[in-house]
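The opening position of the sequence shown corresponds to residue 17 in this note's numbering, with each subsequent residue numbered one higher.
I have placed the structure first, in the form of structure tokens, so that the comments after it can refer back to it.
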Amino acid sequence: MTLISAHSLRDKLHSDQSVIIDVREPWEYDEYNLGVKNIPLAELPHRLKDLEYCKNKEVIVHCKSGARSHLAMKYLTKQGFSNVKTVDGGIEAYLQTT
Numbered sequence: 017m018t019l020i021s022a023h024s025l026r027d028k029l030h031s032d033q034s035v036i037i038d039v040r041e042p043w044e045y046d047e048y049n050l051g052v053k054n055i056p057l058a059e060l061p062h063r064l065k066d067l068e069y070c071k072n073k074e075v076i077v078h079c080k081s082g083a084r085s086h087l088a089m090k091y092l093t094k095q096g097f098s099n100v101k102t103v104d105g106g107i108e109a110y111l112q113t114t
């Protein structure tokens, strides 16, 4: 499993080098979000065409604490995405860095 820290996520938010995806549910995203693409985990298989452009880019997935983003990372990797990472501790860890 490839993890990145919440601090690294903060640095990558302002980079054009990474694609960041929030895999939480829309209501969770509405409570607090980082302004990144929201694709709930359950919708990921149906939205792969939306992500085709980033198959060879660094893709960072996050959720509340890391469980769903870990599943998303495994799924995307199986679909041929070459550089997928998950945020260690999810958005909960990120909020502690602010």
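Yeah, the Cβ is synthetic: ideal placement off N, Cα and C, and Gly gets one too.
These numbers were taken from a predicted model, which means no experiment stands behind them.
- request: Leaving aside the five residues before and after residue 36 along the sequence, list all residues of the same chain whose C-beta is less than 6 Å from its C-beta, in chain order.
  value: By one-based count along the sequence shown, residue 36 stands at place 20. Excluding positions up to five away in sequence, the list reads 52, 76.
- prompt: Which class does residue 27 belong to by DSSP, given the choice of helix, strand or coil?
  reply: For the purposes of this step, residue 27 is taken as the residue at position 11 of the sequence shown. Helix, per DSSP.
message: Counting C-beta neighbours from all protein chains within 10 Å, is the total for residue 58 16 or more, i.e. buried, or is it exposed?
response: As a first step, residue 58 is located in the sequence shown; it is residue number 42 there, counting from the start. Label assigned to residue 58: exposed.
Close-in-space but distant-in-sequence residues of the same chain around residue 23 (CB under 7 Å, 5 per side omitted): Numbered from its first residue, the sequence shown carries residue 23 at position 7. For residue 23, where only same-chain residues beyond five positions count, the Cβ hits under 7 Å are 113.
message: Quick check on this structure: which residue in 32, 49, 66 has the alpha carbon closest to the alpha carbon of residue 97?
response: By one-based count along the sequence shown, residue 97 stands at place 81. The option with the nearest alpha carbon to residue 97 is 66.
Minimum C-alpha distance to residue 109 - residue among 88, 78, 62, 90: Here residue 109 refers to the residue found at position 93 when the sequence shown is read from its first residue. For the residues 88, 78, 62, 90, the minimum Cα distance to residue 109 belongs to 78.
Through-space distance from residue 28 to residue 72, alpha-carbon basis: Stepping through the sequence shown from its first residue, residue 72 is reached at position 56. Stepping through the sequence shown from its first residue, residue 28 is reached at position 12. Roughly 17 Å separates the two Cα atoms.
message: The alpha helix (DSSP H) that contains residue 47, what's its start and end?
response: Here the question's residue 47 lines up with position 31 in the sequence shown. Residues 42-47.
field: Where residue 66 falls: helix, strand or coil (DSSP)
entry: One-based indexing of the sequence shown puts residue 66 at position 50. Correct three-state label for residue 66: helix.
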